[in-house]
Amino acid sequence: MESIGVLMACPMNAYLEDELCKRFNLLRFWNFPDTTEFLKRNANSIRAVVGNAAAGADAKLIESLPDLEIVASFSVGLDKIDLAKCKEKGIRVTNTPDVLTDDVADLAIGLMLATLRRIPASDRYVRGGTWKKGDFKLTTRFSGKTVGIIGMGRIGTAIAKRAEAFDCPISYYSRSKKPGIKYTYYPSVVELASNCHILVVACTLTEETRHIVDRKVIDALGPNGFLINIGRGPHVDEPELVSALVEGRLAGAGLDVFENEPHVPEELFKLDNVVLLPHVGSGTVETRRVMADLVLGNLEAHFLGKPLLTPVV
Ligand code: NAP
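So this is what it looks like as structure tokens:
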């Protein structure tokens, strides 16, 4: 397989990069700023693309690779891949479901605790020497708060399971009510937001769910409500979120993802009621290793003519 051209869309994981380099003819896209020239020289040798949550395979890239057979994503979310174009051209697509679910759900709970209890602000208080001048102000209790989840999928379900251990009543919104799920279902995001303290975004990013959290939803959550986003940045209308936080129309937000990563609205840096993370939901050594093995396993299965491990298309 050493002669098979595999294009890595951006740097994502050193182990994955090393293993791809050992097993395939690895081409690192980021090493070639002149992409037109690079594609002119290499397009015909590339049979696979490896992408992630930051860079995948859009229609333009797919069209420019005549021998592309498979796009293997080092992520569960597929919003950076043109799935329709892949289907049309018979290109296979794989992702990394399940193996990252626990880490992302753990982080969602961490964000809820950190935001409501203001853990990072308390830490800054101690480090800055302010404790000597007086006690830190009171924060908001997490246990028992109603948690509303947008997207009761693998990650949404894992978040619900964890939040239940904190005696939090759970409600959710998905396109349809899930049979056999005991949590309260609301048929719209506004109704969900009106009836919870903490709204968690955990759905897939599609054209339908872009800005699923807009001004109406933020207003429904209200000045005592908190927003947690571990889905994708474009799920939330970011300028609306920033103004709601600055104007005190929302109690706080815990955000792992942003609309224009790695750029984060600077207005948020001044606020103690927000916790900002650099898209690290699945970012543990253990999980990233298993995700990398899944990408490698899918590519090898494909080129050996075996069934894919986690096919999407
Ligand atoms: P999943 O099992 O496929 O769940 C996705 C959920 O989204 C489903 O329950 C689906 O419910 C819901 N959904 C899809 N379209 C919807 C719509 N129009 N309105 C409302 N809900 C909709 O996926 P997962 O493994 O839980 O992952 C979910 C997402 O988390 C990924 O797509 C990814 O973007 C994000 N993620 C983020 C990180 C991070 O580092 N922060 C890491 C991993 C994943 P219905 O089909 O019933 O509508």
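Residue numbering for the sequence shown follows this note's numbering, starting at 40 and increasing by one per position.
Glycine residues also receive a C-beta, built at the ideal position from the N, C-alpha and C atoms.
The structure presented is a predicted model; accordingly, all values stated were derived computationally and were not measured.
Item                                                                                                                         : Value
Where the alpha helix (DSSP H) through ARG80 begins and ends                                                                 : 74-81
Closest residue to GLY287 among PRO159, ASP97, ILE257 (Cα-Cα distance)                                                       : ILE257
Residues sharing a beta bridge with ILE188, DSSP                                                                             : TYR211, VAL239
Limits of the unbroken beta strand (DSSP E) element including MET40                                                          : Taken as a continuous stretch (DSSP letters only), MET40 belongs to no beta strand (DSSP E), as it is neither H nor E.
C-beta atoms of GLY90 and SER112 nearer than 7 Å                                                                             : yes
Coarse secondary structure for LEU100, derived from DSSP in three states                                                     : helix
Beta-bridge pairing of VAL296 - partner residues as DSSP gives them                                                          : Its beta-bridge partners do not exist; DSSP assigns none.
Neighbour-count burial assignment, MET40, 16 or more Cβ in a 10 Å radius                                                     : exposed
Spatially closest choice to MET191 from VAL228, GLU339, PHE205, by CA coordinates                                            : VAL228
N- and C-terminal bounds of the beta strand (DSSP E) containing VAL313                                                       : 313-315
Chain-order list of residues whose beta-carbon lies under 7 Å from that of ASN268 (same chain, five-residue window excluded) : VAL240, HIS274, VAL275, LEU294, ASP295, VAL296
Rounded Cβ spacing between ILE188 and ILE209 (contact assumed at less than 8 Å)                                              : 7 Å
Endpoints, alpha helix (DSSP H) assigned at PHE342                                                                           : 324-342
Backbone CA spacing between ASN52 and CYS60 [nearest angstrom]                                                               : 12 Å
VAL319 classed as buried or exposed, judged by whether at least 16 other C-beta atoms fall within 10 angstroms               : exposed
Paired residues, beta bridge with PRO350 - DSSP                                                                              : THR133
DSSP bridge partner residues for PHE265 (one or two, in chain order)                                                         : ILE237, GLY291
Continuous alpha helix (DSSP H) stretch holding MET151: start and end                                                        : 140-155
Assumed close pair SER42, LEU78 - CB separation to whole angstroms, cut-off 8 Å                                              : So it is not a contact: roughly 19 Å between Cβ atoms.
Nearest residue (CA-CA) to LEU146, options ASP162, ALA197, LYS176                                                            : ALA197
Three-way DSSP call (helix, strand, coil) for THR223 in this model                                                           : strand
For LYS184, the nearest candidate out of PRO50, ASP142, ALA204, ARG80 (CA to CA)                                             : ALA204
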